Amino acid sequence: MIKNDEEKFLGVLDQDTATFFQGIGKTDELKLGELKCEACNIVLTYENFGAAYKDKGKYVFSCDKKECLSQFYVRKQ
Amino acid sequence: MGDFKILFWTLVIEIIVYIVSLFIDKDFVLSFLKYWYIFVIVLFVVFIIDMVRIILDPIKTALWRSKWYKFRLSLDEDNIFLEKKYIVNDINGRINLARKEFDHTRQALPRLVKVDWIEDEKKNATTYDLNDGEFVVKLHKSKCQEENIIDMTYAVSKRTTLNGVRHIVAKNKDYEDAIDSIMVEKIIANLKNHHVLDFYFQNYLSLKTSSVSFSDYYKKLKEIDHRGMFTRIFILELFDFANRIRGKSFDNILLGQIEYFANFLYNVNPANTSTHNADLSYNKAYIRTGVLLFSEEKMLSQGPSIYVDAVSNFFINTDVYSFYILHYIKEGFQNWGKMSKGIQFVKSEIVKFPTIQLYEETEFNILDDFGINHRISCSRYIVHKFENKQMT
Numbered sequence: 008m009i010k011n012d013e014e015k016f017l018g019v020l021d022q023d024t025a026t027f028f029q030g031i032g033k034t035d036e037l038k039l040g041e042l043k044c045e046a047c048n049i050v051l052t053y054e055n056f057g058a059a060y061k062d063k064g065k066y067v068f069s070c071d072k073k074e075c076l077s078q079f080y081v082r083k084q
Numbered sequence: 150m151g152d153f154k155i156l157f158w159t160l161v162i163e164i165i166v167y168i169v170s171l172f173i174d175k176d177f178v179l180s181f182l183k184y185w186y187i188f189v190i191v192l193f194v195v196f197i198i199d200m201v202r203i204i205l206d207p208i209k210t211a212l213w214r215s216k217w218y219k220f221r222l223s224l225d226e227d228n229i230f231l232e233k234k235y236i237v238n239d240i241n242g243r244i245n246l247a248r249k250e251f252d253h254t255r256q257a258l259p260r261l262v263k264v265d266w267i268e269d270e271k272k273n274a275t276t277y278d279l280n281d282g283e284f285v286v287k288l289h290k291s292k293c294q295e296e297n298i299i300d301m302t303y304a305v306s307k308r309t310t311l312n313g314v315r316h317i318v319a320k321n322k323d324y325e326d327a328i329d330s331i332m333v334e335k336i337i338a339n340l341k342n343h344h345v346l347d348f349y350f351q352n353y354l355s356l357k358t359s360s361v362s363f364s365d366y367y368k369k370l371k372e373i374d375h376r377g378m379f380t381r382i383f384i385l386e387l388f389d390f391a392n393r394i395r396g397k398s399f400d401n402i403l404l405g406q407i408e409y410f411a412n413f414l415y416n417v418n419p420a421n422t423s424t425h426n427a428d429l430s431y432n433k434a435y436i437r438t439g440v441l442l443f444s445e446e447k448m449l450s451q452g453p454s455i456y457v458d459a460v461s462n463f464f465i466n467t468d469v470y471s472f473y474i475l476h477y478i479k480e481g482f483q484n485w486g487k488m489s490k491g492i493q494f495v496k497s498e499i500v501k502f503p504t505i506q507l508y509e510e511t512e513f514n515i516l517d518d519f520g521i522n523h524r525i526s527c528s529r530y531i532v533h534k535f536e537n538k539q540m541t
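Those protein sequence lines, which keep their order, are chains Y and V. Read in order, the letters of the first sequence correspond to residues 8 to 84 in my numbering. Read in order, the letters of the second sequence correspond to residues 150 to 541 in my numbering.
And the structure:
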């Protein structure tokens, strides 16, 4: 149960990133290099994936660079 | 054989009683041993009460779970289930306990963090869809737990502080980074874990200090935090500022008001009241506040009434939204008795003004540049616009 003073995050272990992308149905796009980091535009891979967010039905992703994650964390609807 | 055992344990008990009786009265020891079961019952009751307190506190529960899973992981290092349980309970427990340590002004501070594994949230489904607003982060294995803790501290701090002003502060990236860095450092410092702190300074802060602009903002905000004013004044005023500008889009003037507010606070130093020439009022459109400092020389020579008049002249008549009273608590020092009475007189007189309301009063410790511990009192007062302050 989430309380009003809590901010929820869903975690993906680094070895489970393939399972995560399979779960959201983005494996093919990832393998084709179509998924990119929103901040630096680098092509995402299982290794450099950092975070993901769903905004108005669309998935947005960040790589694991600290400066990119820093911008990505403030993303809100 | 049975007789030998009885003889052996009788001898052991007699030796223990003899040794203890060298320090404690023998009759007391013997009567204690006679009623040992009362001692065990008391210990059991204390244990049950402690367990109930831990169970009712989700943060302590998470901490104890993380310790349990870490212990089990040490016996079965390749068990991913145990590793995942340890990682999330450790993150939830440690970050939230550290965050709770400075729970004053709680609305303006980062929220508590709640991390769950996505497979648990999605009930181990092979395919699923994220709901709008769900935020997924990659976490590392437990040997990189310091990195997980710092990343999650950054995430929760970035997402839940500076609400309402982030879109303005973000236009000055170095300033925004400096504010976020100070907030993250405050939480991480409360973890009291040198490994996490070292990892943070080496792998996070060092990446930013190459920017002169960031270093300048960081240095000022760090000094403001060192004096106890970062969460008690700076963040709180930005929180109220956000409420006042609600709905407004970015404007350079708004950004300027926030940037110069840090400069204002940097020049306020309760340690230097005798030579203090800095401006103690900050009057802009959406941040209007001030700080009242006490000079020992003035208090003793002119009395506390001048400070009551100062509140009227510089704060009430200039329509500030709030003001602060900051002073050192110097118990045991010469003249502290008279200073203390004067300060209490000022505080009791100013709340008699119909538009002034005490918001909160906190005391905290700081270390000065020589490593000497000082205790400081910080009181925040709200100045209402209407005479009847009960209306709000």
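Beta carbons are placed, not taken as given, at the ideal position from N, Cα and C, and that holds for glycine. This one's a predicted model, so the numbers in the text were calculated from it and none came from an experiment.
Check whether residue i and residue j have beta carbons under 7 Å apart
i                : j                : result
Tyr477 (chain V) : His523 (chain V) : yes
Tyr235 (chain V) : Ser170 (chain V) : no
Phe56 (chain Y)  : Thr24 (chain Y)  : yes
Val469 (chain V) : Thr504 (chain V) : no
Leu288 (chain V) : Gly18 (chain Y)  : yes
Phe410 (chain V) : Ile394 (chain V) : no
Ala327 (chain V) : Tyr367 (chain V) : yes
Val264 (chain V) : Thr302 (chain V) : no
Ser471 (chain V) : Ile531 (chain V) : yes
Ile373 (chain V) : Tyr324 (chain V) : no
Leu37 (chain Y)  : Phe27 (chain Y)  : no
Arg243 (chain V) : Leu356 (chain V) : no
Val440 (chain V) : Leu475 (chain V) : yes
Ala247 (chain V) : Ile331 (chain V) : no
Rounded C-alpha distance that separates residue i from residue j
i                : j                : result
Thr541 (chain V) : Ile384 (chain V) : Annotation note: pLDDT 41 at Thr541 (chain V) (below 50); position unreliable, no value reported.
Val495 (chain V) : His375 (chain V) : 26 Å
His343 (chain V) : Ile407 (chain V) : 33 Å
Glu283 (chain V) : Ala257 (chain V) : 23 Å
Leu156 (chain V) : Ile164 (chain V) : 12 Å
Ser528 (chain V) : Asp239 (chain V) : 35 Å
Thr309 (chain V) : Pro259 (chain V) : 5 Å
Ser450 (chain V) : Leu212 (chain V) : 54 Å
Trp485 (chain V) : Phe463 (chain V) : 26 Å
Lys73 (chain Y)  : Leu516 (chain V) : 32 Å
Leu370 (chain V) : Gln22 (chain Y)  : 39 Å
Gln483 (chain V) : Val460 (chain V) : 26 Å
Asn273 (chain V) : Val286 (chain V) : 17 Å
Lys249 (chain V) : Leu403 (chain V) : 31 Å
Leu39 (chain Y)  : Ala304 (chain V) : 29 Å
Lys209 (chain V) : Ile203 (chain V) : 5 Å
Glu13 (chain Y)  : Ser306 (chain V) : 12 Å
Asp365 (chain V) : Glu510 (chain V) : 30 Å
Lys538 (chain V) : Glu498 (chain V) : Per-residue confidence for Lys538 (chain V) stands at a pLDDT of 47, beneath the threshold of 50, marking its modelled position as unreliable; the derived number appears in the next sentence. Between Lys538 (chain V) and Glu498 (chain V), the C-alpha separation is close to 16 Å.
Lys233 (chain V) : Trp266 (chain V) : 8 Å
Lys43 (chain Y)  : Tyr53 (chain Y)  : 12 Å
Phe519 (chain V) : Ala420 (chain V) : 13 Å
Ala434 (chain V) : Asn321 (chain V) : 20 Å
Phe196 (chain V) : Leu205 (chain V) : 14 Å
Gln506 (chain V) : Glu386 (chain V) : 16 Å
Limits of the alpha helix (DSSP H) - the one that residue i falls within
i                : result
Ser330 (chain V) : Lys322 to Ala338
Leu212 (chain V) : Pro207 to Leu224
Ser360 (chain V) : Neither: Ser360 (chain V) is in no alpha helix (DSSP H) and is coded neither H nor E.
Lys447 (chain V) : Glu445 to Gln451
Extent of the continuous beta strand (DSSP E) run through residue i
i                : result
Thr302 (chain V) : Not the beta strand (DSSP E): Thr302 (chain V) falls in the alpha helix (DSSP H), residues Gln294 to Thr309.
Val440 (chain V) : Arg437 to Leu442
Ile402 (chain V) : Unbroken run through Ile402 (chain V) is the alpha helix (DSSP H), Asn401 to Tyr415; no beta strand (DSSP E).
Ser430 (chain V) : Ser430 to Asn432
Val495 (chain V) : Element bounds for Val495 (chain V): not the beta strand (DSSP E) but the alpha helix (DSSP H), Trp485 to Ile499.
Phe28 (chain Y)  : Premise fails: Phe28 (chain Y) lies in the alpha helix (DSSP H), Thr24 to Gly30, not in any beta strand (DSSP E).
Val314 (chain V) : Where Val314 (chain V) is concerned, there is no enclosing beta strand (DSSP E), given that its DSSP letter is neither H nor E.
Strand pairing of residue i, partner residues [DSSP]
i                : result
Trp266 (chain V) : Y:Gly18
Glu510 (chain V) : V:Ser528
Cys70 (chain Y)  : Y:Phe56
Cys44 (chain Y)  : Y:Phe68
Tyr473 (chain V) : V:Val440 and V:Arg529
Asn522 (chain V) : V:Leu516
Taking contact to mean 3 or more Cβ pairs, one atom from each stretch, closer than 8 Å, check whether the region 339-353 of chain V and the region 292-307 of chain V are in contact. yes
Does the contact criterion of 3 or more C-beta pairs under 8 Å hold for the region 386-405 of chain V versus the region 445-459 of chain V? no
Count Cβ pairs between the region 448-467 of chain V and the region 482-500 of chain V that sit closer than 8 Å; are there 3 or more? yes
Do the region 216-230 of chain V and the region 183-195 of chain V meet, that is, are 3 or more Cβ pairs less than 8 Å apart? no
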